[in-house]
Amino acid sequence: MPERKVADTRDVISVRGLKKSFGDNKVLNGIDFDLFEGEKVVVLGPSGSGKSTFLRCINRLEEPTSGTISFEDTVIDDKNIQEMRQKIGMVFQHFNLINNLTVMENLTLAPVKLRKFSQDAAEEKARKLLRHIGLTSKADAYPASLSGGQKQRVAIIRALMMEPEVLLFDEPTSALDPESIGDVLSLIHEVVDKGMTTMIVTHEMNFAREIASRIVFIDNGKIVEEGTPTQFFSHPKTPRVKEFLDKVL
1 MPERKVADTR
11 DVISVRGLKK
21 SFGDNKVLNG
31 IDFDLFEGEK
41 VVVLGPSGSG
51 KSTFLRCINR
61 LEEPTSGTIS
71 FEDTVIDDKN
81 IQEMRQKIGM
91 VFQHFNLINN
101 LTVMENLTLA
111 PVKLRKFSQD
121 AAEEKARKLL
131 RHIGLTSKAD
141 AYPASLSGGQ
151 KQRVAIIRAL
161 MMEPEVLLFD
171 EPTSALDPES
181 IGDVLSLIHE
191 VVDKGMTTMI
201 VTHEMNFARE
211 IASRIVFIDN
221 GKIVEEGTPT
231 QFFSHPKTPR
241 VKEFLDKVL
């Protein structure tokens, strides 16, 4: 498949001068970044480099210390954040399902309250998605009865229920046992193959190589290098990326 030219499409998310500190700990040190429509960006880097904080700032789950984040030319701020979160979905490392709600209730709560779906329409959509991932029988189950892989697949379709324009994945397989990882990665593959604009933080190198249209490498809170998977994995430009790849491949 030929690699996309991002210049041919519009930027959906634009980040300028993003910095984030926790007390004296500077986690993000000035990030400029554009995500283009239809892109599949995979964010790589060592633990503690700021990858997850970067994603959480985009969705304003972490408040930036300075800098701006825009969605389709609109700066995301306190006044529009709830509207923007309907357009920018997120799948978390630890699922974030509501434990005292059934799977069906987890899937339909936000579409009914925020997107004004009717309950019947939301449940019909949820059943279709559950059927697609082979979890129809779990509709009335509570999250505690699900395996980690099942929880994460439910979390992914919960994000899809909102029909977002962009989907962020924050290390979606890091809390899973090895047997569950393949099922979750297959579902993510399916989502991005349908054209969803995505950003994925992951430690799965083979998955990153297969799925990405662009790799972004972050270290010490800065983007050190970015490029296509072929460029990044076969012809890294910087000594830092070469060092990283020598350790993880």
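Our numbering puts the first residue of the sequence shown at 1, with every later residue one more than the last. For glycine and all other residues, C-beta sits at the position ideal for the given N, C-alpha and C.
Can you tell me whether residue i is buried or exposed? The criterion is at least 16 other CB atoms within 10 Å of its CB, across all chains shown.
i, result
"Q150", "buried"
"D193", "exposed"
"Q152", "buried"
"K5", "Confidence at K5 is low in this model, with a pLDDT of 43, below 50, so its placement is unreliable and no value can be given for it."
"T75", "Residue identity differs from the one stated: residue 75 is Val in this sequence, not Thr. By the 10 Å Cβ count, V75 comes out exposed."
"L129", "buried"
"G89", "buried"
"K79", "exposed"
"T198", "buried"
"S234", "exposed"
"T238", "exposed"
"F22", "exposed"
For residue i, which of the options has the nearest alpha-carbon?
i, options, result
"F95", "M162, S174, G134, Q231", "S174"
"R187", "H203, E165, I211, V166", "It is worth fixing the name first, because residue 187 is Leu in this sequence and not Arg. Comparing Cα-Cα distances from L187 to each of H203, E165, I211, V166, the minimum goes to I211."
"D140", "Q152, R214, E123", "E123"
"M84", "I200, G45, E204, E165", "E165"
"Q231", "R209, I218, G45, G89", "R209"
"K19", "V41, E62, G45", "E62"
"K99", "T238, L130, L245, S145", "Per the sequence shown, residue 99 should be read as Asn rather than Lys. The shortest Cα separation from N99 among T238, L130, L245, S145 belongs to S145."
"L185", "K247, D120, I133", "I133"
"I13", "C57, L55, F71, L101", "F71"
"L245", "H203, S213, N220, R214", "H203"
"Q93", "P46, Q119, Q86, G148", "G148"
"Q86", "E163, D77, R56, S213", "E163"
"D73", "D11, A126, L55", "D11"
Given a cut-off of 8 Å, decide if residue j and residue i are closer than it, judged by their beta-carbon atoms.
i, j, result
"T9", "F36", "yes"
"S52", "E190", "no"
"V15", "G67", "yes"
"I156", "V241", "no"
"G250", "D34", "Past the edges of the chain, shown from 1 to 249, lies residue 250, and the structure says nothing about it."
"V43", "I181", "no"
"M161", "P236", "no"
"L168", "M205", "no"
"G38", "G227", "no"
"P143", "L97", "yes"
"V103", "V154", "yes"
"K222", "G48", "no"
"I215", "V224", "no"
"D114", "L101", "A small correction: the amino acid at residue 114 is Leu; Asp does not occupy that position in the sequence shown. In this structure, L101 does not lie closer than 8 Å to L114 by Cβ."
"I69", "I81", "no"
Output the boundary residues of the beta strand (DSSP E) element that contains residue i.
i, result
"G89", "88 to 91"
"M196", "Note, M196: premise wrong, no beta strand (DSSP E); not H, not E."
"E68", "In the sequence on display, residue 68 carries Thr and not Glu. T68 -> beta strand (DSSP E) spans 66 to 71."
Along the alpha helix (DSSP H) that carries residue i, what are the first and last residues, could you check?
i, result
"G148", "148 to 161"
"T102", "From DSSP, T102 is part of no alpha helix (DSSP H); its letter is neither H nor E."
"K79", "Note, K79: premise wrong, no alpha helix (DSSP H); not H, not E."
"I58", "51 to 58"
"V124", "Checking the displayed sequence, the identity of residue 124 turns out to be Glu instead of Val. Here the alpha helix (DSSP H) through E124 covers 119 to 132."
"L135", "Run containing L135: none; DSSP gives neither H nor E here."
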